[in-house]
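Engineer: Attaching a single structure in structure tokens format; questions to follow.
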Amino acid sequence: MIFFAGETIAWAFRPPFRFDQLLAQMAFIGAGSAFIVGVTGTFAGMVFGLQMNYAMRQFAAEGYVGGSTAFALSRELAPVFTALMVTGRAGSAIATELGTMRVTEQLDAMETMAVSPIQYLVVPRVLASIVMFPALTMLFNALGYAGAYVMGIYVAGIPEGPFIEHTREFLKPEDIFHGLWKAVVFGGVVAVISTWRGYSARGGARGVGEGTTRAVVASSIAILVADYAATVLFVGT
Amino acid sequence: MIEVQDLWKSFGDNQVLKGISLRIPEGSTFVVLGGSGSGKTVLMKHVIGLLKPDRGVVRVNGIDISALDGRALTEARQVFGMVFQGAALFDSMTVLENVSFPLREGRGLRLSPAEIRRRVVEKLAVVDLGEEVLARWPAELSGGMRKRVALARALVSDPRIVLYDEPTTGLDPITSDYVDEMIIHAKERLGITSMVISHDVASSFRVADRIGVLYDGQLAAVGTPPEVRNSPDPFVQKFLSTWFAKQ
Numbered sequence: 066m067i068f069f070a071g072e073t074i075a076w077a078f079r080p081p082f083r084f085d086q087l088l089a090q091m092a093f094i095g096a097g098s099a100f101i102v103g104v105t106g107t108f109a110g111m112v113f114g115l116q117m118n119y120a121m122r123q124f125a126a127e128g129y130v131g132g133s134t135a136f137a138l139s140r141e142l143a144p145v146f147t148a149l150m151v152t153g154r155a156g157s158a159i160a161t162e163l164g165t166m167r168v169t170e171q172l173d174a175m176e177t178m179a180v181s182p183i184q185y186l187v188v189p190r191v192l193a194s195i196v197m198f199p200a201l202t203m204l205f206n207a208l209g210y211a212g213a214y215v216m217g218i219y220v221a222g223i224p225e226g227p228f229i230e231h232t233r234e235f236l237k238p239e240d241i242f243h244g245l246w247k248a249v250v251f252g253g254v255v256a257v258i259s260t261w262r263g264y265s266a267r268g269g270a271r272g273v274g275e276g277t278t279r280a281v282v283a284s285s286i287a288i289l290v291a292d293y294a295a296t297v298l299f300v301g302t
Numbered sequence: 059m060i061e062v063q064d065l066w067k068s069f070g071d072n073q074v075l076k077g078i079s080l081r082i083p084e085g086s087t088f089v090v091l092g093g094s095g096s097g098k099t100v101l102m103k104h105v106i107g108l109l110k111p112d113r114g115v116v117r118v119n120g121i122d123i124s125a126l127d128g129r130a131l132t133e134a135r136q137v138f139g140m141v142f143q144g145a146a147l148f149d150s151m152t153v154l155e156n157v158s159f160p161l162r163e164g165r166g167l168r169l170s171p172a173e174i175r176r177r178v179v180e181k182l183a184v185v186d187l188g189e190e191v192l193a194r195w196p197a198e199l200s201g202g203m204r205k206r207v208a209l210a211r212a213l214v215s216d217p218r219i220v221l222y223d224e225p226t227t228g229l230d231p232i233t234s235d236y237v238d239e240m241i242i243h244a245k246e247r248l249g250i251t252s253m254v255i256s257h258d259v260a261s262s263f264r265v266a267d268r269i270g271v272l273y274d275g276q277l278a279a280v281g282t283p284p285e286v287r288n289s290p291d292p293f294v295q296k297f298l299s300t301w302f303a304k305q
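Those protein sequence lines, which keep their order, are chains R and L. Under our numbering, the letters of the first sequence match residues 66 to 302, in that order. Under our numbering, the letters of the second sequence match residues 59 to 305, in that order.
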């Protein structure tokens, strides 16, 4: 897989650059995942807001719910949940599509037409993931905070002033960038694993199914491991 | 010209090719005849660089294709067209997109959409398909139509070498004859060098300038159709008798 990732990087810098393929994949991975990421973000924010309200109430510190939720969303919840949701939706689809093309000799056919499947199929998916994972993470952040706001202000009855003020106090731009950098890493990792599992599928429908399962499982584990590694790298122990 | 010298290939313990050597002069048609699982497709995939040999050399127009990788291999394939056994049409593309794919993506050509469409329609007409199939998806085509679309796709960029993997398998006799005529037409009118993989004896003897009979990873007989017909090799005689005995 490391060799495959290296080949993908090499092909990414060689012409022709197929922007139409890149845009199509950005639409599929990004726009196509917006609904599921938006729903997940909204409910994650609502639930986290309620839980934080329950915890903060013990110390009469409900005003900190907005700030702590925004902090957790931007650094952890948004990048990790987004990556897991997109893996389930787009990562599995990518592995299945490429796996089916492999076992039906469509990838071989492409090679015989002097077109590298890595350049034509893999590079756009990897680049689109690297671009769209952070964009979707921002969507998750926005809707997650909105969900926490609604639950905090209108359900839990937290005064709006402290809720907003402590968010401004807690949340720094670097917190958001911290999460976005993670999303970039997750996008690259998920796309390489998913394309690799599809690209190397063998043995008909069963092989494609196994490749898809492995793509989702390996991507999910890789997201959690990369999250820890990135946190250690960006924050320290 | 295609030259294969002492080609060996195994998958695990299964030794598929055992020192194959053959030579296909420019503008001629060579048929590799053999039973299922004899390694015919493996041999063909070496010729176009889809597989790497354990030992041996494959030269295409003097270039050792078995030693190439990455971009160099991609560029070396620009002289090829290939028809796969299962057609291998891109199922997420229409017939127009499938047949035009080598023109749009594979040769660095900068053709206008109108010119691309014109060439696609022209090649589809050669395989007796009309413009009404352009917008159809591969799943909407019959087996014979899929094969003919694959043939049009292989020929659309005017390759110098075309590889046919079981081109008549699964086709009715009329369509099968039609594909044979296509292969002969490609050689006689366009001067294309062809390598055909087949277990169809009748079709092989119709289209071939030379035939190689593959058995147990080796060529049991190589020569012109009459030479192969008179080969003393027992397997060759047994294999050919399956068809000639019916005549």
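Just so it is clear, CB atoms sit at the ideal spot from N, CA and C, and this is done for glycine as well.
Name the residues in the region 147 to 176 of chain R whose C-beta lies less than 7 Å from a C-beta of chain L; which are they?
Structural biologist: Hits within the stretch, in order: T169, E170, Q171, D173, A174, E176.
Engineer: Once DSSP output is grouped into helix, strand and coil, what is the label at R:F124?
Structural biologist: Here R:F124 sits in coil by DSSP.
Engineer: Using a Cβ-Cβ distance under 8 Å, would L:L108 count as near chain R?
Structural biologist: Closer than 8 Å to some Cβ of chain R, the Cβ of L:L108 qualifies, so yes.
Engineer: Bridge partners for R:M91 per DSSP, in chain order?
Structural biologist: In the DSSP output, where bridge partners are listed per residue, R:M91 has none listed.
Engineer: Using a cut-off of 8 Å between C-beta atoms, extract the partners of L:R113 located in chain R.
Structural biologist: None at all; the shortest Cβ gap to chain R is about 23 Å.
Engineer: Count the other CB atoms within 10 Å of the CB of R:L88; is the residue buried (16 or more) or exposed (fewer)?
Structural biologist: Label assigned to R:L88: exposed.
Engineer: Below 8 Å, how does it come out for the region 64 to 84 of chain L and the region 178 to 187 of chain L: are there three or more Cβ pairs, yes or no?
Structural biologist: In short, these stretches do not touch, since the Cβ pair count stays below three.
Engineer: Say whether chain R places a C-beta atom closer than 8 Å to the C-beta of L:G144.
Structural biologist: L:G144 counts as touching chain R.
Engineer: In whole angstroms, give me the CA-to-CA distance for L:V141 and R:T152.
Structural biologist: Taking the straight line joining both Cα atoms gives about 35 Å.
Engineer: Quick check: L:S215 and L:G164, are their CB atoms within less than 8 Å of each other?
Structural biologist: Result yes, Cβ atoms of L:S215 and L:G164 sit closer than 8 Å.
Engineer: Name the DSSP beta bridge partners of L:Q73, please?
Structural biologist: DSSP, once it has assigned bridges, lists L:S68 as partnering L:Q73.
Engineer: Per DSSP, what are the beta-bridge partners of L:Y222 in this structure?
Structural biologist: Answer is L:V141, L:V254, bridged to L:Y222.
Engineer: Tell me which residues of the region 183 to 204 of chain R have at least one Cβ-Cβ distance to chain L shorter than 8 Å, keeping chain order.
Structural biologist: Residues passing the 8 Å Cβ filter: Y185.
Engineer: Can you give me, in chain order, the residues of the region 62 to 83 of chain L that have a beta carbon less than 9 Å from any beta carbon in chain R?
Structural biologist: Listed by position, the residues of the region 62 to 83 of chain L near chain R (Cβ gap below 9 Å) amount to none.
Engineer: Exposed or buried, what is L:L298 when buried is set at 16 or more other beta-carbons lying within 10 Å of its beta-carbon?
Structural biologist: Classification of L:L298: buried, given that the 10 Å Cβ count is 16 or more.
Engineer: Would you check if the distance between the CB atom of L:D121 and the CB atom of L:I219 is smaller than 8 Å?
Structural biologist: Correcting the residue type first, residue 121 of chain L is Ile in the shown sequence and not Asp. For L:I121 and L:I219, no; Cβs fall outside 8 Å.
Engineer: Under 7 Å between beta-carbons, which chain L residues line up against R:S181? List them in chain order, please.
Structural biologist: Those are T132, listed as they occur along chain L.
Engineer: Looking only at its chain, what residues have a beta carbon closer than 8 Å to the beta carbon of R:T107, apart from the 5 residues adjacent to it on each side?
Structural biologist: Contacts found: L208, G209, A211, G212.
Engineer: Of all the alpha helix (DSSP H) runs that stay within the bounds of the region 168 to 200 of chain R, which reach a length of 4 or more residues?
Structural biologist: Entirely contained in the region 168 to 200 of chain R, the alpha helix (DSSP H) runs reaching 4 residues are, in chain order, 171 to 177.
Engineer: For chain R, check one thing: does any of its Cβ atoms lie closer than 8 Å to the Cβ of L:M140?
Structural biologist: Yes, L:M140 lies at the interface with chain R (some Cβ there is under 8 Å from its Cβ).
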